[in-house]
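**Q**
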Amino acid sequence: MSDAPHPSLAAFSDRLAALGALGATRTVAVHGRDGRARSGLLWAEGLVVTAEEALERDDELALTLPDGREVAATLAGRDPGTDVALLRAETGPLSPLDLAPPEALAAGHLVVAIGRDEHGPLLAFGATAQVGGPWRSMRGGRLERRIQLGLRLDPVAEGGVVLDHAGRLVGMAVPGPRRRALAIPAETIARSVGHIGRHGRVARGYLGLALQPVRTEGLRGLIVVGIDPRSPAGQAGLLLGDVLAAWDGAPLGSVREMLARLDPESIGSEVVLDLIRGGEHRRVTLRIGERAAA
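Quick note on numbering that gives the first Met the number 0: the sequence shown kicks off at 0 and runs consecutively.
This is the structure in C-alpha cells:
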C-alpha cells in the first residue's frame, strides 16, 4: 500500500494553503492598550475593519501588517449594531477586494477564516452551517444576511477575514451566541464603513426611554422605568409606569424588538405608540430623534 497522499486530497490541501496565503495578505493584527489580541481586515488603502465588540479601548492602537511592519492606527468610528469598527492607518496601496456575490453562498459551501497573531496568520476552515436572510443583531443593527460558520473560531481571529472557495471576501469573522462563529457580511461592512466615513459613526434612533418587559392584562409589553424629560418620549408626555403595547400597530414584546426599530432610517420619522396607563388604553404619536454620540 502506497504512503503517498491521494492526488485529490493533496490538491485540496494545497488549495486550503493557497486560500490561507491569500487571506493573510488582507489580515492584520490589532493591538491596543487593553492588551487583548484580535485581528483586522484590510478593507482599502488606509482603512482597516475590525470587530467593534473586541475593541475595548480607543487609544494607543497599532497594527501589525502582513509584511510584518507595525504602524500606528486611530479609530475613525464604531457601529456597535453591526459589530464594525473602522480604523485609519498608513497601510500602503492595496489591490481591490473581490467580493463574493451574496447569491453564490449557501449552507455547505467551503469557507476559510484567517486571523493573525504575533506568530503569523491563523487559519480555520469548514462549511457554512447556515445562510439566512436579513436579521437584527442583539444590539439592534441590521445585517443583510445571517452567515453561520461551521468552524471553531480562535478568539485571536475575531475581526479577521472570511473567504469562500474562490478566494472572494465573504465578510468578517466574529463570535456569535452559544459559541457559534458568524461572518459579518461584506455588504453590511461596506454600508457601515460608508456611514462611519461620512459621519464618524452610525447614527441610531432615540426615544429617551428605559424599558423592561412586562405582562399586563394578559398582554406582553414594555414598561417605562426611566425617561429623559427632554427626549422625544418626554416631550410627547410619556410617564413612568406607562406600558408600551404596540408600535404602529405591531405588538411589542421585548426591548430588542424596540431597539431593532431604532435604526438609522428611523431618525426623523413619526411613530404611533399604543400604551396602557392606569388601566386605560392610550395612543401617542412622537417623532424619533437621533441618539447622541457616546
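Glycine residues also receive a C-beta, built at the ideal position from the N, C-alpha and C atoms.
Given alanine 185, which residues of its chain have a CB within under 6 Å of its CB, disregarding the five upstream and five downstream residues?
**A** So the list reads Leu98, Leu168 and Gly170, once near-sequence residues are dropped.
**Q** Name the residue from Gly204, Gln129 and Arg286 whose alpha carbon lies nearest to the alpha carbon of glutamine 234.
**A** Of the listed residues, the one whose Cα sits closest to glutamine 234 is Arg286.
**Q** Which same chain residues, not among the five before or five after methionine 137, have their C-beta less than 8 Å away from its C-beta?
**A** Pro176 and Arg255.
**Q** My guess is that proline 174 and glycine 207 are in contact by the Cβ rule of under 8 Å, so how many angstroms apart are they, rounded?
**A** Incorrect: roughly 32 Å between the Cβ atoms, too far for contact.
**Q** Assign threonine 127 to one of two classes, buried (16 or more other C-beta atoms within 10 Å of its C-beta) or exposed (fewer than that).
**A** Classification of threonine 127: buried, given that the 10 Å Cβ count is 16 or more.
**Q** Is any heavy atom of the ligand SAM found at a distance shorter than 6 Å from the C-beta of alanine 245?
**A** No copy of the ligand SAM appears in this structure; indeed no ligand is present at all.
**Q** Using CA atoms only, rank isn't needed, just tell me which of Leu272, Gly236, Ile266 and His198 is closest to leucine 74.
**A** Of Leu272, Gly236, Ile266 and His198, the residue nearest in Cα terms is His198.
**Q** What did DSSP end up calling histidine 30 once you bin it into helix, strand or coil?
**A** Residue state, collapsed to three classes: strand.
**Q** Over what stretch of residues does the beta strand (DSSP E) that includes glycine 131 continue unbroken?
**A** Start and end: 119 to 131.
**Q** Can you give me the C-alpha to C-alpha distance between proline 133 and alanine 103, rounded to a whole angstrom?
**A** Their backbone Cα atoms lie some 16 Å apart in a straight line.
**Q** DSSP three-state label for histidine 280, please.
**A** In this structure, histidine 280 counts as strand in the three-state DSSP scheme.
**Q** Can you check which of these residues, Thr24, Pro250 and Asp57, is closest to glycine 300 by C-alpha distance?
**A** Past the boundaries of the shown model lies residue 300; the chain is included only from 0 to 293, so the question cannot be answered.
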